[in-house]
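Below is one structure; the comments refer to it alone.
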Amino acid sequence: MTLLNRGFFILLSYFFIDGNINGKENRLHTFSHPCMGTIFKVSVHSEKSRNKVEDIVQGSFKIAGEMDDRFSDYSAESEVSKFNKQGSHIPFKISSELLELLTISQSLYHKTSASFEPAAGALTQLWRLSRKTKRLPDQKTLSLAIKASSFSSLIIDRKNKTLTKKNHLTRLDFGGIAKGYTADKMLNYLQEHDLKSCSISAGGDVIVGNPPPGRLYWIIRINPFGDSNSETMRVKLSNAAVSTSGNVEQFIQIGGKKYSHIINPKNGLGLTTNHAAVVISNKGSMSDALATSISILGKSGLKILDHFPNTEAAIIDLNDNKVTKSSNFNKFSK
């Protein structure tokens, strides 16, 4: 399974394609589905027939579609888009899924010193415009968007399931966590339906369940330079997730300077540093969000891992390919 996104080349190495385990035939089945602006790919090792496996996998793709209907800021009819259009100081009724994602995001916001900022939709809008016009936002407009782009501008009423914005410019943007969160939901669904040995990839995120039959883990090759001819590292995972984030391919050049598609919520601009992040965690939502945060913070971002048990990370300097790892990252190295 190959996937190009965020400038990374990621390959899951399938040790076991077809075979016989304990007298039972076990096959690898793969399926793909476009969603959230990328391709969700599901691979399953199972003794079940392909038709039976496909029925279950389609159920997981349905979950992905439902999450897209809630979290997309491209669809005018999504739950997030409807909230983004809402005026200030007006309670907006939210779904259980949006409340859960907000709760996860709020914790991440505080633990990452606000480098993970799901309320930065106003900045996202400006940056999308800059990508088209090849011009930076004017300082006044940028300052207003920065002020509005703070989780502190949101009021969450968990009892009544409502969300209220204090600033009318505040917009939600879950681009840094929605795919990982959705993949977690999909993995739970697959395993609840007895597809234990499975993997899901979505954008720069890979989430795996039990390893292939007869193996201890999945092997994932990572190359931040966006091609299959070389690799920077291999990691071995079981019931875990790995996410990547970097500015190798998705950038714009303005005034002779390269700006990443990843926005620093502190200054409202795309990153100009030339590095990439790899994060391993027990949940896709965690690895997805933290990969973005650590890309923004750089090497100092490794310190935030103290707040996240079962999570390791690496920073890759794309100038010299030097890798700086957190203390226990090597336990996942292959």
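Letter by letter, the sequence shown follows residues 17 to 350 of the working numbering. Positions of the beta carbon are idealized from the N, C-alpha and C atoms, including for glycine.
Item: Spatial distance of L334 from L321 (CA atoms); Value: 22 Å
Item: Cα-Cα separation, I223 to N204; Value: 11 Å
Item: Backbone secondary structure at N346 - three-state DSSP; Value: helix
Item: Rounded separation between S311 and G262 - CA only; Value: 7 Å
Item: Identity of the residues DSSP links to L211 by a beta bridge; Value: In DSSP, L211 forms no bridge with anything.
Item: Reference A199, options E328, K252, I216, closest by Cα; Value: I216
Item: Test: H323 CB closer than 8 Å to a CB of chain C; Value: In the structure shown, chain C cannot be found, because there is only a single protein chain.
Item: Cut-off 6 Å between Cβ atoms - residues of its own chain near H49, not counting five sequence neighbours on either side; Value: F56, F77
Item: Unbroken stretches of the beta strand (DSSP E), 3 residues or longer, contained in the segment 289-330; Value: 291-297
Item: Exposure of E95, with buried meaning 16 or more beta-carbon neighbours within 10 Å; Value: buried
Item: Simplified DSSP state of G284, which is helix, strand or coil; Value: coil
Item: Spatial neighbours of T289 in its chain, beta-carbon cut-off 7 Å, leaving aside the 5 residues before and after; Value: G314
Item: Whole runs of the beta strand (DSSP E) within the segment 138-174, excluding any shorter than 3 residues; Value: 170-173
Item: Sequence-distant residues of its chain with Cβ nearer than 8 Å to D85 (five each side left out); Value: S91, E93, S94, E95
Item: Close-in-space but distant-in-sequence residues of the same chain around L232 (CB under 8 Å, 5 per side omitted); Value: K252, S254
Item: Nearest-angstrom Cα separation, counted from K163 out to L185; Value: 9 Å
Item: Residue environment, L188, which counts as buried when at least 16 other CB atoms sit within 10 Å; Value: buried
Item: Other residues of its chain near I79: CB distance less than 8 Å, five sequence neighbours each side excluded; Value: T198, K201, M202, Y205
Item: Terminal residues of the alpha helix (DSSP H) in which F77 lies; Value: 66-87
Item: Where K274 sits in the DSSP three-state scheme; Value: strand
Item: Simplified DSSP assignment, three categories, for I110; Value: coil
Item: Element boundaries [alpha helix (DSSP H), containing F99]; Value: 95-101
Item: C-alpha gap between I274 and S316, whole angstroms; Value: First, the residue type needs correcting, since residue 274 is Lys and not Ile in the sequence shown. Distance between the alpha carbons of K274 and S316: 22 Å.
Item: Collapsed DSSP secondary structure at T198 in the structure displayed; Value: helix
Item: Integer Cβ distance of L139 from G284, believed to fall under 8 Å; Value: 5 Å
Item: Residues sharing a beta bridge with D333, DSSP; Value: H291
Item: Counterpart residues of Q269 in DSSP-defined beta bridges; Value: K274
Item: Straight-line gap, K282 to S131 (C-alpha atoms, nearest Å); Value: 8 Å
Item: Other residues of its chain near I407: CB distance less than 6 Å, five sequence neighbours each side excluded; Value: With the chain represented from 17 up to 350, any question about residue 407 goes unanswered, as that position is not in the structure.
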